[in-house]
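For what it's worth, the UniProt record's numbering labels the leading residue of the sequence shown as 1, then goes sequentially.
Okay, so here's the structure we're looking at.
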Amino acid sequence: MKILSELKYDRDGLVAAVIQDETNNEILMVGYMNTEAIRETLNAGRVCFWSRSRQKLWIKGETSGHTQTVKSIAVDCDGDALLIKG
């Protein structure tokens, strides 16, 4: 998974992930991901975050039903954030 080696993680092992609607470019939310969350996102095709408050993975929409399907993932120029379109 090339994307994992391109990233510069913060001291907690996280990168910011901006979630954007692919149809209208609206920013839906910003969350944080560690390598485990990124792997799950890539493998499952739906957005998975690392909850900083609960210290565990959470899949966006697992409770509400408003899941985010991944259409594309891009690394920013500094390598410290992701743009995920869904």
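In this text, a Cβ means the ideal position worked out from N, Cα and C, and glycines have one as well.
Under 8 Å between the Cβ atoms of residue i and residue j?
| i | j | result |
| --- | --- | --- |
| G61 | Q68 | yes |
| G79 | E6 | yes |
| A74 | F49 | no |
| L57 | Y32 | no |
Could you tell me if residue i is buried or exposed, where buried requires 16 or more neighbouring beta carbons within 10 angstroms of its beta carbon?
| i | result |
| --- | --- |
| N25 | exposed |
| C65 | This sequence places Gly at residue 65; Cys is not what is there. Counting Cβ neighbours within 10 Å, G65 comes out exposed, since fewer than 16 surround it. |
| V30 | exposed |
| E22 | exposed |
| T41 | buried |
Could you tell me which residues DSSP pairs with residue i in its beta bridges?
| i | result |
| --- | --- |
| K85 | Q20 and S72 |
| V27 | In the sequence on display, residue 27 carries Ile and not Val. Partner(s): Q20. |
Apart from the five residues just before and just after residue i, which ones in its own chain have a Cβ nearer than 8 Å to its Cβ?
| i | result |
| --- | --- |
| I20 | Note on residue identity: the sequence assigns Gln, not Ile, to residue 20. So the qualifying residues of the chain are E26, I27, L28, L83, I84, K85 and G86. |
| D76 | L82 and L83 |
Can you list, in chain order, the residues of its chain with a C-beta nearer than 7 Å to that of residue i? Leave out the 5 residues immediately preceding and following it.
| i | result |
| --- | --- |
| L4 | T35 and I38 |
| K71 | E22, K85 and G86 |
Leaving aside the five residues before and after residue i along the sequence, list all residues of the same chain whose C-beta is less than 6 Å from its C-beta, in chain order.
| i | result |
| --- | --- |
| K8 | G79 and D80 |
| I59 | C48 |
Looking at chain B, is there any beta carbon in it that lies within less than 8 Å of the beta carbon of residue i?
| i | result |
| --- | --- |
| V18 | This model lacks chain B altogether; it includes just one protein chain. |
- Where are the beta strand (DSSP E) runs, 3 residues long or more, that stay fully inside the segment 31-74, in chain order? Within the segment 31-74, the complete beta strand (DSSP E) runs of at least 3 residues are 48-51 and 56-59.
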